[in-house]
Amino acid sequence: MKSENTLESIGRVPVETFRGVVFPWHCDAMGHMSVQHQMPLMDNAVYHLLGYFGLTAGEVDGRNVGWADVSHEIRYLHELVAGDLLVLAGGILSVGRSSLRHRTILSRRPDGKRCTILEGVTVRFDLDGRKATPLSDRERGIAEQLMLPAQTI
Amino acid sequence: METYRGVAHPWLCDAMGHLNTRHYLAMFDDALHHYVSCCGHSFGNSARGFADVSISLVLRSEVKPGSLLTIRSETLKIGRTSLSSRHWMSDAENGEARAVCEIVSVYLDMVERQPTPLTATIVAAARSLLPDVQATEAGGPR
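Chains as they are written, first to last, in this note's numbering: chain A, 199 to 351; chain B, 117 to 258.
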């Protein structure tokens with residue numbers, strides 16, 4: 199079966215990486231979606247973004263590697279309430295020696311209002327050495343394809 | 117001030133064999149609830165609440181399955197309608213730093229859904245949680 203997450207399948211960036219719905223049990227005493235329930239959606243979205251690079255954890259480009267988050271910056275721009283439909287999309291902001299800086303935008307349907315923006319730094323992670331390891335040339339090429347256009351930044 | 121104590125259970129860990137990022141945020145969010153409670157906010161007050169505006173999370177070292185974790189919290193800055201707080205996650209067994217989270221939260225008018233000025237009670241309590249004040253009250257630096 200052909201994988202959906204291929205370089206050829208990358209369309210317009212930001213690429214859609216997740217969809218979700220706000221349920222009442224995601225909401226806190228303030229009557230809005232709790233930050234701790236937004237985070238799994240954004241984490242799932244980053245997993246799907248990183249899915250373009252190959253296996254999440256395992257043998258990739260001859261190395262036993264995964265990913266490890268180093269930092270997150272999250273801005274909450276607008277409240278979300280039960281029943282809201284969510285679309286998450288993302289792309290790459292910059293590429294380091296072993297790290298990717300990426301952005302995920304969580305928007306509400308149907309008005310497309312940007313509610314939450316996550317910027318994260320994630321390193322390619324050597325699962326045996328438990329430390330960051332350089333991105334391969336192939337991974338750099340994929341990151342280039344996933345670069346966010348200036349007008350979306 | 118300690119605001120959280122928990123365990124990095126295996127089901128909170130991911131394919132990399134360490135605590136997944138989303139669960140750090142849940143722990144820090146719980147710690148924030150305890151922090152604002154210590155600042156004098158009652159979650160029984162349906163007219164006022166807190167809403168987060170931004171979160172900055174730095175992951176310093178891996179948290180392995182089974183690790184015992186604590187979070188200590190302090191006030192960073194007191195604004196007109198906002199509180200900035202910092203939360204330190206450490207391994208409870210060896211004290212090693214695991215992650216640091218800074219959160220900016222606004223005091224929320226729950227009807228208007230708009231920021232509203234902090235009360236004098238909250239300002240005074242938040243001030244007592246500034247790092248210098250906490251250290252003084254504890255008889256020295258932590």
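From the three backbone atoms N, C-alpha and C, an ideal C-beta is built for every residue, glycine too.
What you are looking at is a predicted structure, and each value in this text was computed from that prediction instead of being measured.
Using three-state DSSP, classify residue i as helix, strand or coil.
| i | result |
| --- | --- |
| A:S207 | helix |
| A:E271 | strand |
| B:D146 | helix |
| B:R176 | coil |
| B:T186 | strand |
| A:F216 | strand |
| A:D335 | helix |
| B:R164 | strand |
| B:V239 | helix |
| A:S305 | strand |
| B:C155 | coil |
| A:T350 | helix |
| B:A131 | coil |
| B:E218 | strand |
| B:P231 | strand |
| A:A227 | coil |
| B:L224 | strand |
| A:R328 | coil |
| B:E139 | One detail in the question is off: residue 139 of chain B reads as His in this sequence, not Glu. Note: B:H139 maps to helix in three-state DSSP. |
| A:A287 | strand |
| A:A266 | strand |
| A:A280 | coil |
Which residue marks the beginning of the alpha helix (DSSP H) containing residue i, and which one marks its end?
| i | result |
| --- | --- |
| B:D248 | P247 to E253 |
What do you reckon, are the CB atoms on residue i and residue j nearer than 8 Å?
| i | j | result |
| --- | --- | --- |
| B:L128 | B:L173 | no |
| A:P212 | A:G310 | no |
| B:L224 | B:F166 | yes |
| A:T314 | A:Q236 | yes |
| A:G264 | A:F323 | yes |
| B:P233 | B:R196 | yes |
| B:G122 | B:L185 | yes |
| A:V244 | A:G327 | no |
| B:S201 | B:Y120 | no |
| B:A124 | B:R176 | no |
| A:Y274 | B:S170 | yes |
Could you give the residue range of the beta strand (DSSP E) that holds residue i?
| i | result |
| --- | --- |
| A:V321 | K311 to D324 |
| A:L247 | Per DSSP, A:L247 belongs to no beta strand (DSSP E); it is in the alpha helix (DSSP H), V233 to L248. |
| B:D207 | S198 to D207 |
| A:S296 | Per DSSP, A:S296 belongs to no beta strand (DSSP E) and is neither H nor E. |
| B:T119 | E118 to V123 |
| A:G256 | G256 to V258 |
So the candidates are the options; which of them puts its Cα closest to the Cα of residue i?
| i | options | result |
| --- | --- | --- |
| B:M226 | A:T254, A:E317 and A:A227 | A:A227 |
| A:R336 | A:T215, A:M240, A:S296 and A:M237 | A:S296 |
| A:L346 | A:L333, A:S232, A:E206 and A:L247 | A:L247 |
| A:H276 | B:D168, B:V179 and B:R202 | B:D168 |
| B:E218 | B:R188, B:Q230, B:H134 and B:A240 | B:R188 |
| A:R312 | A:G249, A:V233, A:L253 and A:L286 | A:L286 |
| A:L239 | B:E178, B:H203 and B:T137 | B:T137 |
| B:Q230 | B:V222, B:A236 and B:T237 | B:V222 |
| B:M205 | B:E228, B:Q250, B:F159 and B:L148 | B:L148 |
| B:S162 | A:T254, A:Q234 and A:G229 | A:G229 |
| A:A255 | B:T235, B:D130, B:V249 and B:S200 | B:D130 |
| A:S292 | A:R210, A:E206, A:Q234 and A:E342 | A:E342 |
| B:L245 | B:A215, B:E212, B:L199 and B:E209 | B:L199 |
| B:P126 | B:Y120, B:M117, B:E118 and B:H139 | B:H139 |
| A:I208 | A:A348, A:G339, A:D241 and A:T350 | A:G339 |
| A:S269 | A:P332, A:R306, A:L298 and A:K329 | A:L298 |
| B:L183 | B:L135, B:A236 and B:M117 | Going by the sequence as given, residue 183 of chain B is Ser instead of Leu. Of the candidates B:L135, B:A236 and B:M117, the one whose C-alpha sits nearest the C-alpha of B:S183 is B:L135. |
| A:E214 | A:K329, A:N242 and A:C225 | A:N242 |
| B:E118 | B:A240, B:K180, B:H203 and B:R164 | B:H203 |
| A:A330 | A:E271, A:Q234 and A:A266 | A:A266 |
Starting from residue i, find everything on chain E with Cβ-Cβ shorter than 8 Å and list it in chain order.
| i | result |
| --- | --- |
| A:F323 | Checking the listed chains, one finds no chain E in this structure; the protein chains it contains are A and B. |
When you compare the stretch 246-261 of chain A with the stretch 151-162 of chain B, are there three or more beta-carbon pairs, one atom per stretch, that lie closer than 8 Å? With a cut-off of 8 Å, the stretch 151-162 of chain B and the stretch 246-261 of chain A do not count as touching, because too few Cβ pairs lie within range.
For the stretch 269-284 of chain A and the stretch 215-231 of chain A, state whether three or more C-beta atom pairs, one from each stretch, are separated by less than 8 Å. yes
Three or more C-beta pairs closer than 8 Å, one from the stretch 302-316 of chain A and one from the stretch 187-201 of chain B: is that the case here? no
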